[in-house]
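Chains as they are written, first to last, in the working numbering: chain A, 422 to 848; chain B, 3 to 291. Cβ coordinates follow ideal geometry from the N, Cα and C atoms, glycine included. Quick caveat: nothing in here was measured; it's all calculated off a predicted structure. Notes to accompany the following structure.
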Amino acid sequence: MNAAAGMWGELSTMHAWAIATAAVVAAGCALVGTLLVVRRMSLLGDAISHAVLPGIAVAVLAGGRPGGLLVLVGAVAAALVTVLLVQVLRREGGLADDAGTGVVFTTLFALGVVIVTAAASRIDLDPGCILYGILELVPFDTVRVAGLEVPRAFLTGATVLVIVAAGLAATWKEQLFTAFDIDAARAVGLPVAVVTAGLLAATALVTVASFEAVGAILVVAMLVVPAATAELLARRLHTMAFVAMLLGVVAAVLGYLAAWRLNTSAAGMIAVVLGLQYAIAAVVAPDDGAIARLVARLALGWRVICEDTLALLWRADEADAVASTRAFRSPSEWTAALWLAARGRIVRDAGRWSLTAVGRAEAETVVRSHRLWEAWLGRHADLPLDHLHPPAEWIEHHLGAELRRRIEADVGGGESDPHGRSIPREP
Amino acid sequence: MTAAPGIPYNTAVVAGAVAVVGFAAGVVGCFGVLRRRALAGDAASHATLAGVVAAFLLTGRRDLPTLLAGAFVAAVASLGCLVLIRRCTRTRDDAATALVLSVSFGIGIAMLSGLSARGIPGAGGLEQFLLGHTAALTATDAVTLAAVSLAVVLVVWAGLKEATLVSFDPAFAAATGWPVAIIDYALVTLVAAMVVVGLPAAGAVLVTALVVIPPVAARQWTDRVPTMLLLAGTIGLVAAVGGVAASAAVPRLATGPTIVLVAAALFAVSFFCGPERGWFARRRARAGG
């Protein structure tokens with residue numbers, strides 16, 4: 422606690438501005454990234470973030486200031502050139518999108534590096550800064566706004582965030598429609614190309630606004646990772662966007678603080694925190710997390726074992742055999758039997774198991790599903806008799822009352838299955 | 003051995019080795035491109051930085067084989083993460099690739115910056131793996147890289163039939179009993195190996211171009227796999243040698259970007275002049291038809 426208190430105490434204005442810059446930049450990236458991820462355009466975000474470099478370099482050579490308007494224009498132009506080139510390669514050269522993207526962005530990035538290296542004496546861009554930014558130095562380049570020294574990068578980031586958020590909010594319905602069903606959107610006359618171009622321009626804007634703070638490659642982390650994490654946690658697009666922005670801001674703050682404590686690159690640590698967020702979400706997400714999936718799978722497996730055990734006893738009754746304790750062979754069947762006994766589905770009397778009324782009803786439902794399915798398969802699928810059992814054994818656990826009723830109507834009353842055994846009535 | 007006048011022995015050996023590396027990368031990359039996994043190598047290549055730094059931290063050594071062993075482990079681990087994400091989550095492939103790429107690079111950057119901030123002796127120079135720097139290669143290292151590249155080419159040559167089948171018709175291959183998953187993993191591992199071997203020359207950020215651009219360029223000229231492999235290898239070779247020569251001639255120019263630009267120029271020629279798929283050929287076909 423003391424260490425934490427000390428850390429907060431020492432947090433000077435400098436750190437606060439750096440964190441604020443990282444936060445606005447992360448929020449803007451996460452917002453745009455949500456649409457990119459949903460539209461399967463993540464790699465285009467990757468490509469644009471690399472490809473803006475030559476645009477920035479040329480703009481700086483032409484006299485623009487990092488974070489200034491000329492640089493923004495140069496970066497957006499470079500981004501649009503990237504997208505255009507990928508499209509030309511696809512249309513005219515028949516290149517798959519991933520191959521075309523791979524060619525274009527590596528080439529443009531290489532071009533940018535060469536320009537920066539060649540003109541290093543004349544322009545204020547460091548190759549290292551291009552790759553991973555220098556968030557720590559952001560507070561030193563300030564402009565005076567309303568009597569307050571505000572870092573230029575924060576001002577750019579905040580302006581871009583406001584512009585992008587306003588633009589996306591105004592066209593949200595169109596973005597949503599295009600994201601989920603581009604063909605339908607086109608069919609009802611939505612200007613899909615304009616919507617997409619708007620998204621790409623937004624990507625270029627947030628990328629170049631983040632460039633100074635976190636560099637070309639870690640922008641990709643800010644664009645894609647919060648959105649991918651949010652996708653695991655949320656179902657609706659606008660919820661996803663809010664969750665992604667929140668995750669981005671949290672990662673910006675935590676990553677900066679961690680980097681400060683560990684004395685390392687803030688941009689690098691922000692990416693690391695974003696990765697951790699994703700890993701945690703992948704494990705604990707309510708519907709899609711590894712734990713939720715495991716629990717669901719185990720619960721299904723357990724239900725199948727219990728239902729099979731009930732059906733086993735019911736069939737033994739039907740055959741008028743004594744369901745002795747030997748009926749249960751495997752440990753899982755034994756466990757299921759004890760569980761079913763505890764829940765009043767079966768009882769054990771003088772060494773033999775029998776179904777209670779409740780258990781009998783449940784068993785009949787399972788057997789009924791099984792035999793109805795066999796009857797339906799026998800009628801509609803050209804399968805030999807001995808091939809009917811395996812699919813029915815699987816589907817008996819998944820048929821609902823409504824489906825059973827419809828199958829019964831379809832097979833004509835459903836008195837008996839193809840093996841000649843009678844089908845139990847619906848309990 | 004007499005080198006050409008004006009070219010030191012070491013530079014000549016390095017150029018020769020990088021030529022072999024470029025050739026092998028072009029050959030192996032063909033299967034990534036044909037399989038529509040052109041950017042899987044990108045995730046692996048960005049992850050190598052963390053592997054290089056980790057290898058240095060763990061062993062305290064900075065000889066090339068140690069660092070590249072670390073890079074290879076990181077590359078394979080990143081590909082493993084990709085498979086894990088594909089299997090266990092509903093994150094789609096493109097987002098997964100971008101995620102693994104950027105987060106693993108972030109780990110590498112954080113480790114590298116942490117090292118240099120602490121002034122750990124010997125840590126300097128690791129950042130050369132970002133953009134590539136062949137001038138620092140010794141002749142022994144260069145020969146090692148060339149040998150590994152040759153071995154990779156031999157493996158591809160031995161498994162040419164299987165690799166071709168899986169690249170073009172994985173469903174048919176699976177139906178006829180080929181272990182498609184294993185062949186797939188083997189191919190991706192070979193791509194990862196070439197990404198690592200190309201690392202000293204092209205750097206973590208751009209080495210992926212070595213396995214993408216030459217195959218894509220070669221594809222413009224031919225429909226036959228063996229021809230494509232040879233062509234891609236040749237284009238990779240020319241790009242690598244051209245890049246090394248240019249960066250040796252121009253001070254402070256990193257090797258990686260130059261290699262990429264030479265390869266891109268060769269791609270542009272292929273894109274316009276390819277016999278059937280090329281721009282001019284298509285124009286002519288369209289005008290004629």
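query: A195/B to F74/B, Cα distance in whole Å?
result: 6 Å
- prompt: Whose Cβ in chain B lies nearer than 9 Å to the Cβ of R461/A?
  reply: R94, D95, D96 and A97
- request: Would you mind reading off the limits of the beta strand (DSSP E) that contains E570/A?
  value: L569 to P572
Proximal residues of chain C, C-beta to C-beta of M690/A below 8 Å: No chain C is part of this structure, whose protein chains are labelled A and B.
task: Starting from the Cα of G238/B, find the closest Cα among Q130/B, V214/B, V207/B and V190/B and give me that residue.
output: V214/B
field: Residues that G484/A contacts on chain B, provided the C-beta gap is smaller than 9 Å
entry: When 9 Å is used as the limit between beta carbons, G484/A is near no residue of chain B, the shortest such separation being about 23 Å.
- request: State yes or no: is the beta carbon of P172/B nearer than 8 Å to at least one beta carbon in chain A?
  value: no
- prompt: Would DSSP call R714/A helix, strand or coil?
  reply: helix
- request: Taking A441/A as the reference, give the member of I469/A, T756/A, L582/A and W735/A with the closest Cα.
  value: When the alpha-carbon of A441/A is set against those of I469/A, T756/A, L582/A and W735/A, the nearest one is in L582/A.
field: CA-to-CA distance, F170/B to R37/B, given in whole angstroms
entry: Going by the C-alpha atoms only, they are around 7 Å apart.
8 Å Cβ cutoff, I638/A in contact with chain B: With 8 Å as the cut-off, I638/A counts as an interface residue toward chain B.
field: Continuous alpha helix (DSSP H) stretch holding T146/B: start and end
entry: A141 to A160 is the extent of the alpha helix (DSSP H) around T146/B.
- prompt: Grouping DSSP H, G and I as helix and E and B as strand, with all else coil, what is I555/A?
  reply: coil
- prompt: Thinking C-alpha only, which one of F575/A, E754/A and E728/A is nearest A437/A?
  reply: F575/A
field: Proximity winner among L474/A, A662/A and E829/A, relative to I498/A (alpha-carbon distances)
entry: Per the sequence shown, residue 498/A should be read as Ala rather than Ile. Closest option to A498/A, Cα to Cα, is L474/A.
- request: Establish whether the CB of V535/A and some CB of chain B are separated by less than 8 Å.
  value: At least one C-beta of chain B is nearer than 8 Å to the C-beta of V535/A.
message: Please state the DSSP three-state secondary structure of V566/A.
response: strand
task: Consult DSSP for R607/A and reduce its assignment to one of helix, strand or coil.
output: helix
field: Residue environment, V54/B, which counts as buried when at least 16 other CB atoms sit within 10 Å
entry: buried
Positions along the stretch 240 to 261 of chain B whose CB lies within less than 9 Å of some CB in chain A: V252, R254, L255, A256, G258, P259, T260 and I261
task: Can you tell me which of A483/A, V494/A, Q698/A and D518/A puts its alpha carbon nearest to the alpha carbon of I536/A?
output: Closest option to I536/A, Cα to Cα, is A483/A.
message: At the level of alpha carbons, what is the spacing between G258/B and L208/B?
response: When only Cα atoms are considered, G258/B and L208/B end up about 6 Å apart.
Sequence-distant residues of the same chain with beta carbon closer than 6 Å to A40/B, five excluded per side: G34 and V214
query: What residue from S751/A, A802/A and I726/A has the CA that sits closest to W815/A's CA?
result: I726/A
query: Tell me which same chain residues have a C-beta within less than 8 Å of the C-beta of G116/B, skipping the five on either side of it?
result: none
- prompt: Is H48/B close to chain A, meaning its C-beta is less than 8 Å from at least one C-beta of that chain?
  reply: yes
message: Please tell me whether H668/A has its Cβ less than 8 Å away from any Cβ of chain B.
response: Looking at the sequence itself, residue 668/A is Leu, so the reference to His does not match. Answer no: the Cβ-Cβ gap between L668/A and chain B never drops below 8 Å.
query: Given 8 Å as the limit, is there contact between the stretch 178 to 197 of chain B and the stretch 161 to 169 of chain B, that is, 3 or more CB pairs closer than that?
result: yes
- prompt: Quick one: does C32/B have its CB under 8 Å from some CB of chain A?
  reply: Contacts with chain A at 8 Å (Cβ-Cβ) do not include C32/B.
field: Given V218/B as reference, the closest of V525/A, W760/A and R792/A once Cα atoms are compared
entry: The shortest Cα separation from V218/B among V525/A, W760/A and R792/A belongs to V525/A.
query: chain A partners of G116/B, CB-CB under 7 Å?
result: L683, N684 and T685
task: Pull out every residue of the stretch 222 to 236 of chain B whose Cβ sits closer than 8 Å to any Cβ of chain A, in chain order.
output: Q222
query: Counting pairs of beta carbons, one from the stretch 794 to 803 of chain A and one from the stretch 828 to 839 of chain A, are three or more of them closer than 8 Å?
result: yes
- request: Can you tell me which of the three DSSP states L820/A falls into?
  value: coil
message: For chain A, check one thing: does any of its Cβ atoms lie closer than 8 Å to the Cβ of A5/B?
response: Reliability fails at A5/B, whose pLDDT of 44 lies under 50, so the model's placement of it is uncertain and the value that follows must be treated cautiously. It does not: the Cβ of A5/B has no partner Cβ on chain A nearer than 8 Å.
message: Taking the straight line between their C-alpha atoms, what separation do you get for T99/B and L84/B?
response: 7 Å
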